[in-house]
Amino acid sequence: MNEYVDFQRGTDALKVAGMGMVLSEGKLSARQVLIGAIVTTVSGALIGLVLVALSGTTLLFIGMFGVAALILYTAGPLPLSHLGLGEVTAFLCFGPLMTFGTYYAVSGQESVTALLAGVPLGFTVAAI
C-alpha cells in the first residue's frame, strides 16, 4: 500500500538505495501493485479472523489496529508517516503488538511480558 500511495503522490520520484521502487522503475504497473496490496491485506485479514475464532477477540482489536495503521501510515489527507508518527507506528506494530499478538494467538492468554518482549524489536524496526 505504501509503495502505491507514495507513487501516486509523487513521493517516490527520487531513487533511494535499498528501496523497492518497482513503480518508479517501471517493473510493475500501479494497478498490479494496488491489486497485490489488496490481495495481501484481505488474505491477512482472513487468516486473522481464523486466529480470532481459535483464540479470542483480543486478536480482533490488534488486527483492526494493524489494518488502520496500514492505511493511515501512508494514505488519507494526513498520513502518519508525514506527521512524524511513522516510526511510532512501526515501533508499535512490529514490536509490542506483534509479540503480544503472537503470544496470545498461541497461548490464548494476555501477557505483559510478551508485550514488553517486543520493545527491543520495535526500537530496531523503528530505527530502520
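First residue of the sequence shown? That's 324 in this note's numbering, and the numbers climb one at a time after it. Beta carbons are placed, not taken as given, at the ideal position from N, Cα and C, and that holds for glycine.
From the listed residues LEU438, GLY431, ILE361, THR436, the smallest Cα separation to ILE394 is found for ILE361. Here LEU406 is exposed, its C-beta having fewer than 16 other C-beta atoms within 10 Å.
Rounded to whole angstroms, the separation of the alpha carbons of VAL411 and ALA449 is 7 Å. Three or more Cβ pairs closer than 8 Å define a contact, and the segment 439 to 448 falls short of that threshold against the segment 370 to 382. Taking a 10 Å sphere around the C-beta of ALA413, we find 16 or more other C-beta atoms and assign the residue as buried.
Per DSSP, the unbroken alpha helix (DSSP H) holding LEU439 starts and ends at 435 to 449.
Here the alpha carbons of LEU420 and ALA398 stand approximately 21 Å from one another.
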